[in-house]
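Here the protein sequences line up with chains F and G, keeping their order.
Numbering (our numbering) for the first sequence: -10 to 282.
Numbering (our numbering) for the second sequence: -10 to 282.
Even for Gly, the Cβ is constructed at its ideal location relative to N, Cα and C.
Written below as structure tokens is the structure these notes are about.
Protein chains: 2
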Amino acid sequence: MKIGFIGTGIMGRPMAGHLQAAGHELFLLKRKSPPPQELIDGGATLCETSAEIARAADLVITMVPNTPEVEEVLFGPDGVASGLGAGKTVIDMSSIDPIATQGFAARIEALGSAYADAPVSGGEVGAKAASLTIMVGARPETFDRIKPILELMGKNITLIGDPGSGQIAKVANQIIVALNIEAVSEALLFASRAGADPAKVREALMGGFASSRILEVHGERMIKRTFDPGFRIRLHQKDLDLALSGAKALGLSLPNTASAQQLFSACVAHGGADWDHSAMVRALETLADHQVA
Amino acid sequence: MKIGFIGTGIMGRPMAGHLQAAGHELFLLKRKSPPPQELIDGGATLCETSAEIARAADLVITMVPNTPEVEEVLFGPDGVASGLGAGKTVIDMSSIDPIATQGFAARIEALGSAYADAPVSGGEVGAKAASLTIMVGARPETFDRIKPILELMGKNITLIGDPGSGQIAKVANQIIVALNIEAVSEALLFASRAGADPAKVREALMGGFASSRILEVHGERMIKRTFDPGFRIRLHQKDLDLALSGAKALGLSLPNTASAQQLFSACVAHGGADWDHSAMVRALETLADHQVA
Chain F
-10 MKIGFIGTGI MGRPMAGHLQ AAGHELFLLK RKSPPPQELI DGGATLCETS
40 AEIARAADLV ITMVPNTPEV EEVLFGPDGV ASGLGAGKTV IDMSSIDPIA
90 TQGFAARIEA LGSAYADAPV SGGEVGAKAA SLTIMVGARP ETFDRIKPIL
140 ELMGKNITLI GDPGSGQIAK VANQIIVALN IEAVSEALLF ASRAGADPAK
190 VREALMGGFA SSRILEVHGE RMIKRTFDPG FRIRLHQKDL DLALSGAKAL
240 GLSLPNTASA QQLFSACVAH GGADWDHSAM VRALETLADH QVA
Chain G
-10 MKIGFIGTGI MGRPMAGHLQ AAGHELFLLK RKSPPPQELI DGGATLCETS
40 AEIARAADLV ITMVPNTPEV EEVLFGPDGV ASGLGAGKTV IDMSSIDPIA
90 TQGFAARIEA LGSAYADAPV SGGEVGAKAA SLTIMVGARP ETFDRIKPIL
140 ELMGKNITLI GDPGSGQIAK VANQIIVALN IEAVSEALLF ASRAGADPAK
190 VREALMGGFA SSRILEVHGE RMIKRTFDPG FRIRLHQKDL DLALSGAKAL
240 GLSLPNTASA QQLFSACVAH GGADWDHSAM VRALETLADH QVA
């Protein structure tokens, strides 16, 4: 299939590579930070504009940093929308605002094309290993059609519902991950300060109702003080911004998400924008003048 | 072995039953709310005071509601301490204050007896099935000696460290459980209010970094609106009180534990003291004028 891929950065580059390796013909943007040489060597076509990509390809995938960039790529001058004809498909795999996404989908569908939002989790490691978790918002017929393409990049691929709901699931995921990190931070800090060995406490708790993937992975990072990313605090902050601005727009109160975001800000204030998100525990340690380990 | 068992309520009754069934000789308190008939029929000896129990038995187990009751039973008039000789063992299986526990242990050890704190999780179901998780604070030689007794009542039995550390682990467990419930509540409420099916979102998230026992069990309760206990909010409030008063004494700040406790209080204000703790989501729903399902 002819696939346009806009955004071949840390995540997009290996993802596009998997598509090319499977025999798909890639169309990339020439003027964006120079496209990866291995994709050009593999036969990718370079285009001057996003509109040109949309005219040449059957399917356009976007993988860019934030909501304004998706909007610019899709609807800006010479954007994807201006090159779309009927019967094409746009998949936005960026992690962006779910509410804005619903609007983007409606505008693309009005042009006679299909839209899917398919944000991922699993990071650079998952992108390289083609083992990403992919949460999809799409019409069922669109999902059936794009699923074989998504399967080249990920493993756990779930249709959540209509367009926008993939992004909703991604935000929900990032809320839970942040708050579970916060939970493990408070618990291990309490245990350590009260005089117990946090490693023993973590071990004892893993079999019961307190068990979680975060206790397992991030709990260990807190105890071993290994805060190299992993997943960077500044990226998780971006996700919680989506949760909090979404909550405000929807008339919701998310008190612990707000609190977790403030703790991330405290990390950033201490130079931690690029620490792993498990380093949220450091913000609590600063408040307590005691370290978990 | 001759075992005194003080506190044969909802939890203690089946636990004492397992000990008796394994051939141990029980000593119970006559004046406490009448001891269970099946234990008397099974040959238990009734004693007038806790001191008399301590004189008669080699091992005394306490399973009572809170810190003041443990203190009263151990150190009050005609309490366990006044009947202890050298070489006996006290195991407190109640869930109480870890810092007070360190003091109780020191006082019992000063009398020449051994002390272990061994709080449990798993509730009435676990007590009846002898499948409780037991977190133990004890000297290693005491742990080795009491382990066969604990194995009659539970399955996951972990020595955390010195006396007091079993209670520390239990508080840490209850912090994580409460905050993971809060996390799942915020995430599912966001997802639902934004227009996605919370059941689909939960399903999609179960395979990734957001996965937890709470997402699995309590997330389902929130979606199915099944808030019969389970574990009662008023009991979880008692545990978070230990966390928060402990934190204050230790010079710690636990912002999200404090927030979760306030949400439990909001449930109680709406008649929910005996709702299952997963009903914490209702407090957030009240703030939002929207229900998860």
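Asked                                                                                                                                                                         : Found
Rounded C-beta distance between D285 (chain F) and Q156 (chain F)? I'm assuming under 8 angstroms.                                                                            : Shown here, chain F extends from -10 to 282; a query on residue 285 (chain F) therefore has no answer.
Restricting to Cα atoms, I'd like to know which of G:A10, G:I29, G:P54 and G:V49 is closest to M0 (chain G).                                                                  : G:P54
What are the residues in the region 237 to 256 of chain F lying within 7 angstroms of chain G by C-beta distance?                                                             : L239, G240, L241, S242, L243, P244, N245, T246 and S248
Can you find a CB in chain G that lies within less than 8 angstroms of the CB of F93 (chain F)?                                                                               : no
Strictly below 9 angstroms CB to CB, what residues from chain F border R202 (chain G)?                                                                                        : G197, F198, A199, S200 and S201
Return helix, strand or coil for S242 (chain G), following the three-state DSSP convention.                                                                                   : coil
Any heavy atom of the ligand SAM closer than 7 angstroms to the Cβ of K144 (chain F)?                                                                                         : This structure lacks the ligand SAM; in fact it carries no ligand of any kind.
Against chain F, does R182 (chain G) count as a neighbour if the rule is that its beta carbon must be under 8 angstroms from one of theirs?                                   : yes
In the DSSP assignment, find the unbroken alpha helix (DSSP H) run with F220 (chain F) in it and report its ends.                                                             : Note, F220 (chain F): premise wrong, no alpha helix (DSSP H); not H, not E.
Assign M318 (chain G) to buried or exposed, taking buried as 16 or more other Cβ atoms, counted over all protein chains shown, within 10 Å of its Cβ.                         : In the structure as shown, chain G begins at -10 and stops at 282. Residue 318 (chain G) is therefore absent and cannot be evaluated.
Within its chain, find whatever has a CB closer than 8 angstroms to the CB of T275 (chain F); leave out the 5 residues flanking it on each side and keep chain order.         : A255 and H259
Name the chain G residues whose beta carbon is nearer than 7 angstroms to that of P87 (chain F)?                                                                              : A183
Please name the residue in G:A119, G:G72, G:D81 and G:V114 whose C-alpha comes closest to that of A10 (chain G).                                                              : G:A119
Shorter than 8 angstroms from the beta carbon of A158 (chain G) to some beta carbon of chain F?                                                                               : yes
For K19 (chain F), name the three-state secondary structure that DSSP assigns.                                                                                                : coil
Would DSSP call T38 (chain G) helix, strand or coil?                                                                                                                          : coil
Given 8 angstroms as the limit, is there contact between the region 146 to 165 of chain G and the region 88 to 97 of chain G, that is, 3 or more CB pairs closer than that?   : yes
Name the residues in the region 104 to 116 of chain F whose C-beta lies less than 7 angstroms from a C-beta of chain G; which are they?                                       : S110
Pull out every residue of the region 210 to 234 of chain F whose Cβ sits closer than 8 angstroms to any Cβ of chain G, in chain order.                                        : A232
DSSP state of V206 (chain F), grouped into three classes?                                                                                                                     : helix
For A75 (chain G), count the other beta carbons within 10 Å of its own beta carbon; 16 or more makes it buried, fewer makes it exposed. Which is it?                          : exposed
Using a Cβ cut-off of 7 angstroms, pull out every chain G residue sitting near F132 (chain F), in sequence order please.                                                      : Within 7 angstroms Cβ-Cβ: nothing; F132 (chain F) doesn't reach chain G, min ~12 angstroms.
Just checking my contact of V125 (chain F) with Y104 (chain F) at CB under 8 angstroms: how many whole Å lie between their CB atoms?                                          : Incorrect: roughly 11 angstroms between the Cβ atoms, too far for contact.
Among residues of its own chain, excluding the 5 on either side of L204 (chain F), which ones have a beta-carbon nearer than 8 angstroms to its beta-carbon?                  : N169, V173, R191, L194 and M195
In angstroms with no decimal places, state the Cα-to-Cα distance between R223 (chain F) and M269 (chain F).                                                                   : 11 angstroms
Distance check for Q280 (chain G) and I138 (chain G), CA to CA, integer angstroms please.                                                                                     : 46 angstroms
Going by the CB atoms, is the gap between V160 (chain G) and F179 (chain F) shorter than 8 angstroms?                                                                         : yes
If we require 4 or more residues per run, which alpha helix (DSSP H) segments fall completely within the region 101 to 186 of chain F?                                        : 112 to 118, 129 to 139 and 154 to 183
Nearest-angstrom Cα distance between E209 (chain G) and A188 (chain G)?                                                                                                       : 8 angstroms
Going by beta carbon distance, what residues of the same chain come within less than 7 angstroms of A158 (chain G), once the five residues before and after it are set aside? : M124 and I149
Does the Cβ of K213 (chain G) have 16 or more other Cβ atoms within 10 Å, making it buried, or fewer, making it exposed?                                                      : exposed
Give the DSSP-derived three-state secondary structure of I85 (chain F) in the structure shown.                                                                                : coil
Between A188 (chain F) and chain G, is the shortest Cβ-Cβ distance under 8 angstroms, so that the two count as touching?                                                      : no
Mind checking which residues open and close the alpha helix (DSSP H) that includes G6 (chain F)?                                                                              : G1 to A10
At which residues does the beta strand (DSSP E) containing G(-7) (chain F) begin and terminate?                                                                               : K(-9) to I(-5)
Take F220 (chain F) and list the residues in its own chain whose beta-carbon comes closer than 8 angstroms to its own, dropping the five residues that flank it on each side. : G112, D265 and H266
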